[in-house]
Structures are given as structure tokens and as C-alpha cells.
Amino acid sequence: MAATDPRVARLVMELRRQGISDGRVLGAIEKVPRQLFVAQPFLDQAYDNCALPIACGQTVSQPLVVALMTEALQVGERAKVLEIGTGSGYQAAVLARLCRRVYTVERHKSLFEQAERRFHALRLHNITTRLGDGTRGWPEQAPFERIMVTAAAHDIPPLLVGQLQVGGIMVLPVGDVTAGSQDLLRVTRLEHRLDIQNLGPVRFVPLVAGVPVT
């Protein structure tokens, strides 16, 4: 998908109007062909600013939420990033345009395999994938400078905090999934405490432990 596609330009303009100002984030979203991450019945909505369903009861997030979370993560070019919940792979593909390496964990085998194929097709060689329990993080590769969680936890997961380096940032939705929405938090790990900033309400699927039997 060429960057001059009018649907892409309209989406980027809408994200700017919604308050996304980081040019690197907008550039990454402009370069990632979202239609490759969307299920066939929803291709006509690939560049609409809305979440769309994918397999296994999951979603590909609304572009505004992807942009907001990515901007809040403040990803540098040399950063090592952990993503919990690969899903379609769209968020990881955006992050990969901004950092040195993305480690991403997915619990559903079919989603994991589809995302791997998309990363290969896009030649995103700085993404390393794992099929596993995202609630456990990726301890063998810790610490991470940045962590993004794309499913809602009931509270800030201590295991993931433990894999975040001091000075590192984690962005995640936290709250009761049954209540219909959660709060998007930016958590900065300081030497002896966490600095927590609430970025506003969001709606995500729940963060679930374990790996489904396939």
C-alpha cells in the first residue's frame, strides 16, 4: 500500500486531529499496510478509525488507540520492546518501524502463525515471536526498555514490572473487563517505586494466562 493512498492520508489526518503529534509514530502507521492485518470481510474498513474483529475472539485495535499507546511508550530507535498479545501483528509491525527489536508473545497458535507470515511478507526481520503465556512475559530476554500489553489486566502485573528495566516504560490497559472499559496506564519503573499516569478510558479483550489447547 503506497503512502499516497487517500485512505491512509485521511487516517493520518484524523489521528492528527485526535491529538497524535509524534511524527515518527504517524510515519510508522502510514507505512504499515493495515489491510494485511484485517480479516477479509472487513477489508473495506481497513483504514477506518475503528477496531475490527479477527479470529479467536480477538480484535485488531483502533488506529487511534495504536497511535496513542505507541506515542505514550516513547520508543527510541535503539529500544528493546516486549509486546504481550501479538494478535494480528499490526501493533508489533508499527513498533518494529520505531525500535531496534520487538519481542512479541501470543497465546493463540493460529494468530501466532498468521502474524509470523505477515512479518515475513513485510520483511520485518527485527520482530521475534513466541507462542506462549503472555502473563509470564519473556524472562530470558529481560530486561526490556519498553513493554506494551495489548490486553486488559485486572492490575499491573508484577511479573512484567520485574522484566522492565529501571527507567523503562510500560503501557497497558488495566481494569475490570466485565465493566466494559479499562484505564490505559503508562507505568514508569523508578528505583524504588512506580510512577503511574492514567491516559484515559479504553476497551480491550482480557489478558488471559495459559495457552489454549489446539
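When you read off a place in the sequence shown, starting at 1, and then add 512, the result is the number in my numbering. Glycine included, C-beta positions come from ideal geometry on N, C-alpha and C. This structure is a prediction, so every number in the text was calculated from the model and none was measured.
Item checked: Whole runs of the beta strand (DSSP E) within the region 573-617, excluding any shorter than 3 residues -> 592-596
Next item on the list: Would you kindly work out how many angstroms separate the C-alpha atoms of V723 and A608, rounded to a whole number?
Entry: 25 Å
Notebook entry, point to check: Does the beta-carbon of I659 have 16 or more other beta-carbons within 10 angstroms, so that it is buried, or is it exposed?
Noted result: buried
Check: So what does DSSP say about P651, is it helix, strand or coil?
Finding: helix
Margin query: Could you compute how far the alpha carbon of M513 sits from the alpha carbon of I668?
Written below: Residue confidence is low: M513 scores 43 on pLDDT, short of 50, so the model does not pin down where it sits. No coordinate-derived value is stated.
Next item on the list: Taking V550 and V572 to be in contact with their CB atoms under 8 Å, please state how far apart those CB atoms are, rounded to whole angstroms.
Entry: Contact flag correct, Cβ pair sits at about 6 Å.
Check: For N710, which residues does DSSP report across the bridge?
Finding: L697
Next item on the list: Over the uninterrupted beta strand (DSSP E) stretch that includes V686, give me the two end residues.
Entry: 676-686
Next item on the list: With hydrogens ignored, establish whether the beta-carbon of A604 is closer than 8 Å to any heavy atom of the ligand ATP.
Entry: The ligand content of the structure shown is nil, which means the ligand ATP is not present either.
Check: Which partner residues does T571 have in the DSSP bridge list?
Finding: P565
Next item on the list: Grab me the residues of G646's own chain with a C-beta within less than 8 Å of its C-beta, minus the 5 sequence neighbours each way, in chain order.
Entry: I596, G597, V617, E618, R619, V661, A663, L719
Next item on the list: Apply the 10 Å Cβ neighbour rule to I681 and answer buried if 16 or more other Cβ atoms are within range, or exposed otherwise.
Entry: buried
Next item on the list: Return the bridge partner residues of V661 from the DSSP annotation.
Entry: According to DSSP, which records beta bridges pairwise, V661 is partnered with I596.
Next item on the list: Mind checking who T641 pairs with in its DSSP beta bridge?
Entry: T616
Item checked: Between the CA atoms of A521 and D560 - distance to the nearest angstrom -> 11 Å
Note to self: Looking at the secondary structure, which residues open and close the alpha helix (DSSP H) in which P518 lies?
What the structure shows: Where P518 is concerned, the enclosing alpha helix (DSSP H) stretches over 518-529.
Checklist line | Coarse secondary structure for F624, derived from DSSP in three states | finding: helix
Next item on the list: Please classify M513: does DSSP put it in a helix, a strand, or coil?
Entry: With a pLDDT of 43 at M513, under the threshold of 50, the modelled position of that residue is not reliable, and the figure given next carries that caveat. Coil, per DSSP.
Next item on the list: Could you pull the start and end residues of the alpha helix (DSSP H) that L548 belongs to?
Entry: Element bounds for L548: n/a, residue is neither H nor E.
Note to self: Within the continuous alpha helix (DSSP H) that includes I541, where are the two ends?
What the structure shows: 535-543
Checklist line | Closest Cα partner of A691 within the set V717, V524, F624, Q626 | finding: V717
Margin query: Could you check whether the region 519-535 touches the region 578-585, counting it as contact only if at least three pairs of C-beta atoms, one from each stretch, sit closer than 8 Å?
Written below: yes
Next item on the list: Inspect the beta-carbon positions of V683 and L696 and report whether they are closer than 9 Å.
Entry: yes
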